[in-house]
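In this note's numbering, the protein residues as written are 23 to 260.
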(Lines of atoms letter the chains of each structure in order from A and count residues from 1; the text may use other names and numbers.)
(Lines give C-alpha, C1' and ligand atoms only; values in the text may rest on other atoms or scores of the structure.)
Protein backbone atom coordinates (compact mmCIF):
# COMPACT_ATOMS: atom_id res chain seq x y z
CA UNK A 1 0.00 0.00 0.00
CA UNK A 2 1.32 3.43 -0.92
CA UNK A 3 2.42 5.64 1.96
CA UNK A 4 0.61 9.01 2.08
CA UNK A 5 2.92 11.95 1.21
CA UNK A 6 2.49 13.41 4.69
CA UNK A 7 3.83 10.25 6.34
CA UNK A 8 6.70 9.96 3.85
CA UNK A 9 8.06 13.23 5.21
CA UNK A 10 7.76 12.19 8.86
CA UNK A 11 10.64 10.92 10.96
CA UNK A 12 11.07 9.05 14.22
CA UNK A 13 13.11 10.83 16.85
CA UNK A 14 16.17 8.71 15.95
CA UNK A 15 15.80 9.65 12.29
CA UNK A 16 15.27 13.28 13.29
CA UNK A 17 18.50 13.22 15.28
CA UNK A 18 20.37 11.75 12.31
CA UNK A 19 18.86 14.30 9.92
CA UNK A 20 19.65 17.36 12.06
CA UNK A 21 22.87 16.26 13.73
CA UNK A 22 21.32 16.97 17.14
CA UNK A 23 21.26 14.12 19.64
CA UNK A 24 18.04 12.49 20.78
CA UNK A 25 18.77 13.62 24.33
CA UNK A 26 19.19 17.23 23.21
CA UNK A 27 16.03 17.13 21.10
CA UNK A 28 14.10 15.91 24.13
CA UNK A 29 15.69 18.65 26.22
CA UNK A 30 14.61 21.27 23.68
CA UNK A 31 11.11 19.79 23.62
CA UNK A 32 10.97 19.98 27.41
CA UNK A 33 11.89 23.66 27.22
CA UNK A 34 9.14 24.27 24.67
CA UNK A 35 11.57 25.08 21.86
CA UNK A 36 10.25 22.24 19.69
CA UNK A 37 6.61 21.28 19.32
CA UNK A 38 5.27 17.82 20.19
CA UNK A 39 5.33 15.07 17.56
CA UNK A 40 2.32 13.52 15.89
CA UNK A 41 1.59 10.22 17.59
CA UNK A 42 1.07 7.05 15.61
CA UNK A 43 0.33 4.53 18.33
CA UNK A 44 3.18 5.01 20.79
CA UNK A 45 5.60 6.34 18.18
CA UNK A 46 6.20 10.07 17.85
CA UNK A 47 6.61 11.32 14.29
CA UNK A 48 8.28 14.59 13.35
CA UNK A 49 7.71 16.55 10.17
CA UNK A 50 9.54 19.16 8.05
CA UNK A 51 8.61 21.96 10.46
CA UNK A 52 10.41 20.15 13.30
CA UNK A 53 13.48 19.69 11.10
CA UNK A 54 13.49 23.36 10.09
CA UNK A 55 13.03 24.50 13.69
CA UNK A 56 15.91 22.35 14.90
CA UNK A 57 18.06 23.62 12.03
CA UNK A 58 17.28 27.16 13.19
CA UNK A 59 18.17 26.31 16.80
CA UNK A 60 21.39 24.64 15.68
CA UNK A 61 22.38 27.63 13.58
CA UNK A 62 21.64 30.07 16.40
CA UNK A 63 23.75 27.95 18.77
CA UNK A 64 26.61 27.92 16.27
CA UNK A 65 26.38 31.70 16.00
CA UNK A 66 26.92 32.03 19.75
CA UNK A 67 23.35 32.70 20.90
CA UNK A 68 22.73 31.56 24.48
CA UNK A 69 19.90 29.17 25.26
CA UNK A 70 18.01 32.04 26.92
CA UNK A 71 18.37 34.18 23.77
CA UNK A 72 17.19 31.29 21.58
CA UNK A 73 14.17 30.79 23.84
CA UNK A 74 13.29 34.50 23.69
CA UNK A 75 13.51 34.50 19.91
CA UNK A 76 11.47 31.33 19.44
CA UNK A 77 8.75 32.58 21.78
CA UNK A 78 7.79 34.85 18.88
CA UNK A 79 7.85 31.99 16.34
CA UNK A 80 4.76 29.74 16.68
CA UNK A 81 5.27 25.97 16.55
CA UNK A 82 3.11 25.71 13.44
CA UNK A 83 5.41 28.06 11.50
CA UNK A 84 6.24 26.38 8.20
CA UNK A 85 9.72 25.43 6.93
CA UNK A 86 9.75 28.33 4.44
CA UNK A 87 9.19 30.92 7.17
CA UNK A 88 11.81 29.27 9.36
CA UNK A 89 14.25 29.37 6.44
CA UNK A 90 13.61 33.11 6.25
CA UNK A 91 14.33 33.35 9.98
CA UNK A 92 17.68 31.68 9.36
CA UNK A 93 18.43 34.15 6.57
CA UNK A 94 17.67 37.05 8.90
CA UNK A 95 20.03 35.69 11.57
CA UNK A 96 22.90 34.78 9.23
CA UNK A 97 26.12 36.73 9.99
CA UNK A 98 26.82 39.88 7.98
CA UNK A 99 30.52 39.05 7.92
CA UNK A 100 32.14 35.61 8.28
CA UNK A 101 32.93 34.68 11.85
CA UNK A 102 35.44 31.96 12.64
CA UNK A 103 35.22 31.39 16.39
CA UNK A 104 37.54 28.86 17.97
CA UNK A 105 38.24 28.08 21.62
CA UNK A 106 41.84 27.26 22.62
CA UNK A 107 43.79 26.99 25.83
CA UNK A 108 46.61 29.36 26.72
CA UNK A 109 49.29 26.91 25.59
CA UNK A 110 47.71 26.67 22.14
CA UNK A 111 47.32 30.45 22.03
CA UNK A 112 51.04 30.86 22.74
CA UNK A 113 51.86 28.29 20.07
CA UNK A 114 49.85 30.12 17.46
CA UNK A 115 51.28 33.47 18.49
CA UNK A 116 54.80 32.09 18.22
CA UNK A 117 55.66 33.39 21.65
CA UNK A 118 54.46 33.39 25.24
CA UNK A 119 51.72 35.97 25.85
CA UNK A 120 51.43 37.31 29.36
CA UNK A 121 48.11 38.34 30.92
CA UNK A 122 48.61 41.97 29.90
CA UNK A 123 49.09 41.05 26.23
CA UNK A 124 46.02 38.80 26.30
CA UNK A 125 44.04 41.62 27.92
CA UNK A 126 45.17 43.99 25.14
CA UNK A 127 44.13 41.46 22.48
CA UNK A 128 40.76 41.15 24.19
CA UNK A 129 40.33 44.93 24.23
CA UNK A 130 41.07 44.93 20.50
CA UNK A 131 38.30 42.38 19.93
CA UNK A 132 40.72 39.73 18.68
CA UNK A 133 40.16 37.27 21.53
CA UNK A 134 37.72 36.72 24.36
CA UNK A 135 38.77 35.19 27.67
CA UNK A 136 36.09 32.76 28.83
CA UNK A 137 35.11 31.98 32.41
CA UNK A 138 36.97 28.68 32.41
CA UNK A 139 40.22 30.37 31.36
CA UNK A 140 40.16 29.25 27.75
CA UNK A 141 40.45 31.84 25.01
CA UNK A 142 38.00 32.29 22.14
CA UNK A 143 39.66 33.43 18.94
CA UNK A 144 37.66 35.83 16.78
CA UNK A 145 39.29 35.10 13.46
CA UNK A 146 42.99 35.37 12.70
CA UNK A 147 45.39 36.22 15.51
CA UNK A 148 48.00 37.89 13.28
CA UNK A 149 46.43 41.37 12.87
CA UNK A 150 46.04 41.73 16.62
CA UNK A 151 49.66 40.75 17.22
CA UNK A 152 50.74 43.23 14.54
CA UNK A 153 48.90 45.98 16.42
CA UNK A 154 50.59 45.00 19.70
CA UNK A 155 53.97 45.02 17.94
CA UNK A 156 53.34 48.40 16.28
CA UNK A 157 54.88 50.31 19.16
CA UNK A 158 51.73 52.36 19.68
CA UNK A 159 50.62 52.80 23.30
CA UNK A 160 48.19 50.04 24.34
CA UNK A 161 45.89 52.74 25.71
CA UNK A 162 45.59 54.26 22.23
CA UNK A 163 44.72 50.90 20.72
CA UNK A 164 42.11 50.21 23.39
CA UNK A 165 40.59 53.69 23.17
CA UNK A 166 40.40 53.57 19.38
CA UNK A 167 38.71 50.16 19.54
CA UNK A 168 36.17 51.52 22.04
CA UNK A 169 35.37 54.42 19.71
CA UNK A 170 34.92 52.08 16.77
CA UNK A 171 32.69 49.76 18.80
CA UNK A 172 30.61 52.68 20.10
CA UNK A 173 29.88 54.22 16.70
CA UNK A 174 29.49 50.99 14.75
CA UNK A 175 27.03 49.70 17.38
CA UNK A 176 24.93 52.84 16.93
CA UNK A 177 25.16 52.48 13.14
CA UNK A 178 24.11 48.82 13.35
CA UNK A 179 21.06 49.74 15.44
CA UNK A 180 20.03 52.43 12.95
CA UNK A 181 20.54 50.14 9.96
CA UNK A 182 18.54 47.34 11.59
CA UNK A 183 15.69 49.75 12.30
CA UNK A 184 15.81 50.94 8.67
CA UNK A 185 15.71 47.41 7.27
CA UNK A 186 12.89 46.46 9.61
CA UNK A 187 10.88 49.50 8.54
CA UNK A 188 11.46 49.37 4.79
CA UNK A 189 11.94 45.66 4.08
CA UNK A 190 10.46 43.41 6.76
CA UNK A 191 7.46 45.46 7.87
CA UNK A 192 5.94 45.72 4.36
CA UNK A 193 6.27 41.93 4.08
CA UNK A 194 4.48 41.47 7.41
CA UNK A 195 1.83 44.06 6.56
CA UNK A 196 1.11 42.16 3.34
CA UNK A 197 0.33 39.05 5.39
CA UNK A 198 3.70 37.34 4.87
CA UNK A 199 2.88 36.13 1.33
CA UNK A 200 4.58 32.88 0.46
CA UNK A 201 5.60 34.22 -2.96
CA UNK A 202 7.78 36.86 -1.30
CA UNK A 203 9.68 34.64 1.16
CA UNK A 204 12.38 33.31 -1.14
CA UNK A 205 12.79 36.71 -2.81
CA UNK A 206 13.12 38.42 0.58
CA UNK A 207 15.75 35.93 1.75
CA UNK A 208 17.68 36.46 -1.50
CA UNK A 209 17.42 40.24 -1.12
CA UNK A 210 18.85 40.06 2.40
CA UNK A 211 21.69 37.79 1.26
CA UNK A 212 22.66 40.36 -1.39
CA UNK A 213 22.10 43.38 0.82
CA UNK A 214 24.43 42.32 3.62
CA UNK A 215 27.80 42.32 1.77
CA UNK A 216 26.82 45.46 -0.17
CA UNK A 217 26.05 47.28 3.07
CA UNK A 218 29.27 46.14 4.77
CA UNK A 219 31.31 47.28 1.75
CA UNK A 220 29.45 50.59 1.79
CA UNK A 221 30.23 51.15 5.47
CA UNK A 222 33.94 50.46 4.94
CA UNK A 223 34.10 52.75 1.90
CA UNK A 224 32.15 55.52 3.65
CA UNK A 225 34.46 55.34 6.66
CA UNK A 226 37.52 55.64 4.44
CA UNK A 227 36.06 58.68 2.66
CA UNK A 228 35.15 60.25 6.00
CA UNK A 229 38.71 59.84 7.29
CA UNK A 230 40.07 61.36 4.06
CA UNK A 231 37.73 64.35 4.43
CA UNK A 232 38.77 64.81 8.05
CA UNK A 233 42.46 64.82 7.12
CA UNK A 234 41.86 67.38 4.36
CA UNK A 235 39.77 69.56 6.67
CA UNK A 236 42.43 69.51 9.38
CA UNK A 237 45.17 70.35 6.92
CA UNK A 238 43.04 73.05 5.36
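Where a beta carbon is used, it is the ideal one built from N, C-alpha and C, also for glycine. Remember, predicted model here, so these are calculated numbers, not experimental data.
Per the Cβ contact rule, the region 120-129 is not in contact with the region 143-150 (fewer than 3 Cβ pairs under 8 Å). Looking only at 98, 237 and 140, the smallest Cα-Cα distance to residue 57 is reached by 98.
Taking a cut-off of 8 Å for Cβ pairs, the region 98-107 and the region 132-140 do not touch, as fewer than three such pairs fall below it. For the pair residue 234 and residue 108, the CB atoms are not nearer than the 7 Å cut-off. In the three-state scheme derived from DSSP, where H, G and I count as helix and E and B as strand, residue 58 is classed as coil.
According to the DSSP assignment, residue 170 belongs to the alpha helix (DSSP H) that extends over 170-176. Using a Cβ-Cβ distance cut-off of 8 Å, the region 84-93 and the region 112-125 are in contact, since at least three pairs of beta carbons, one from each stretch, lie closer than that value. DSSP places residue 74 outside any beta strand (DSSP E); the residue lies instead in the alpha helix (DSSP H), whose first and last residues are 72-86. The residues 240, in chain order, have a CB closer than 7 Å to that of residue 121 in the same chain once the five nearest residues on each side in sequence are set aside.
Residue 65 has its alpha-carbon roughly 17 Å from the corresponding atom of residue 36.
Distance from residue 53 to residue 45 at the Cβ level is roughly 13 Å; contact not present, criterion being Cβ atoms closer than 8 Å. Per DSSP, the unbroken alpha helix (DSSP H) holding residue 242 starts and ends at 222-259. Between the alpha carbons of residue 170 and residue 247 lies a gap of roughly 23 Å.
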